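Peer 1: In the working numbering, the protein residues as written are 35 to 211.
Think of the CB as a built atom: it goes at the ideal place given N, C-alpha and C, for glycine as much as any other residue.
Remember, it's a predicted structure, so these values are computed and weren't measured experimentally.
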Amino acid sequence: MKKTIIRDVNRIGRDIINSEEFVRARTQTHHDKTTVGAHSMEVACISLAISRLLSAVAIPSNEKELIRGALCHDLGILGRYDKFANNFVCCFRHPKDSVVAAESLLGELTDIEKDVIAHHMWPVTIVPPHHREAVIVMIADKICAVKEIVRSSEKNRIEAAKKVRPLAQKINIDRVL
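1. Which residues in the same chain have their Cβ closer than 6 Å to the Cβ of Asp131, if we skip the five residues on either side of it in sequence?
2. Rounded to whole angstroms, how far is the Cβ of Leu112 from the Cβ of Ala59, which I believe are closer than 8 Å?
3. Report yes if the C-beta distance between Ala174 and Ile80 is below 7 Å; otherwise report no.
4. Given that a residue counts as buried once 16 or more other Cβ atoms are within 10 Å of its Cβ, and exposed if not, what is Ser74?
5. Along the chain, where does the alpha helix (DSSP H) that runs through Thr38 open and close?
6. Along the chain, where does the alpha helix (DSSP H) containing His165 start, and where does it finish?
7. Hey, Leu143 and Ala135 are a contact pair by Cβ (cut 8 Å); roughly how many whole angstroms apart?
8. Going straight from the alpha carbon of Ala179 to that of Leu140, what length do you get?
9. Are the beta-carbon atoms of Val171 and Val150 separated by less than 7 Å?
10. Give the secondary structure of Leu105 by DSSP, where H, G and I count as helix, E and B as strand, and everything else as coil.
11. Are the CB atoms of Val133 and Lys148 within a distance shorter than 7 Å?
12. Can you say whether Arg102 is buried or exposed, counting buried as having 16 or more other CB atoms within 10 angstroms of its CB?
13. Please name the residue or residues paired with Arg69 in a DSSP beta bridge.
14. Between Leu105, Val184, Tyr115, which has its C-alpha nearest Ala152's C-alpha?
15. How many Å lie between Ala72 and Leu87 at the Cα?
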């Protein structure tokens with residue numbers, strides 16, 4: 035199933051994934067240990083998996099609009115250190131900037147694609163998603179963000195332990211971290 039999802043995201047989002055904008059997204063750090071591009075790909079894959087699970091219980095969604103919106107949902111973050119005063123401003127502003135970036139890249143967006151991109155930060159942003167595809171991407175984005183932050187914290191803990199262990203051995207402490 036995982037290979038099928040990755041294949042379908044690549045097939046449906048090929049024009050976005052191969053764009054200069056998305057290539058740039060693969061170079062900008064996001065959530066400390068990943069990139070905007072890698073994060074967006076993972077959000078698209080998790081969104082598609084959720085969508086297919088829901089479809090299996092008679093809750094269908096439009097996979098094309100779901101994937102395209104998921105791939106573009108964070109394009110407004112590109113250049114964030116020059117655009118936004120701080121992370122707080124970035125959280126509120128980048129969804130609107132992402133819609134503009136997606137329109138620049140793809141032309142006119144569907145209502146569902148706009149909803150996916152504009153409302154993926156809910157409840158941080160006030161307006162909730164209106165379409166089921168937007169709710170799915172919003173949930174997938176939260177799953178990915180938590181996963182990336184936990185992964186980052188675990189790597190930091192392991193790195194700290196590597197630095198502390200030699201010192202602990204010097205002073206005969208049996209167990210460190």
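Peer 2: With the structure as the only source:
1. For this step, residue 131 is matched to residue 97 along the sequence shown. Cβ neighbours of Asp131 beyond the five flanking positions: Gly110.
2. Within the sequence shown, residue 112 is the residue found at index 78, counting from 1. Within the sequence shown, residue 59 is the residue found at index 25, counting from 1. 6 Å between Cβ atoms; contact.
3. As a position in the sequence shown, residue 174 is number 140, starting the count at 1. As a position in the sequence shown, residue 80 is number 46, starting the count at 1. Result yes, Cβ atoms of Ala174 and Ile80 sit closer than 7 Å.
4. As a first step, residue 74 is located in the sequence shown; it is residue number 40 there, counting from the start. Burial check for Ser74: the Cβ neighbour count within 10 Å reaches 16 or more, so the residue is buried.
5. Locating residue 38 in the sequence shown gives position 4, where the first residue counts as 1. Residues 36 to 46.
6. One-based indexing of the sequence shown puts residue 165 at position 131. Unbroken run through His165: none, as it is neither H nor E.
7. Mapped onto the sequence shown, residue 143 falls at position 109. Mapped onto the sequence shown, residue 135 falls at position 101. About 11 Å separates the two Cβ atoms, so there is no contact after all.
8. One-based indexing of the sequence shown puts residue 179 at position 145. One-based indexing of the sequence shown puts residue 140 at position 106. Roughly 26 Å between the two C-alpha positions.
9. If you number the sequence shown from 1, residue 171 lands on position 137. If you number the sequence shown from 1, residue 150 lands on position 116. The answer is yes: Cβ separation under 7 Å.
10. Within the sequence shown, residue 105 is the residue found at index 71, counting from 1. In this structure, Leu105 counts as helix in the three-state DSSP scheme.
11. The residue you call residue 148 lines up with position 114 of the sequence shown. The residue you call residue 133 lines up with position 99 of the sequence shown. Contact: yes.
12. Here residue 102 refers to the residue found at position 68 when the sequence shown is read from its first residue. When all chains shown are included, Arg102 counts as buried.
13. Along the sequence shown, one-based indexing puts residue 69 at 35. Looking at the sequence shown, residue 69 is not Arg but Thr. Looking at the DSSP output, Thr69 bridges to Thr63.
14. In the sequence shown, counting from the first residue as 1, residue 152 sits at position 118. Considering only alpha carbons, the answer is Leu105.
15. On the sequence shown, residue 72 is found 38 positions in, with the first residue counted as 1. On the sequence shown, residue 87 is found 53 positions in, with the first residue counted as 1. In a straight line, the C-alpha of Ala72 is about 23 Å away from that of Leu87.
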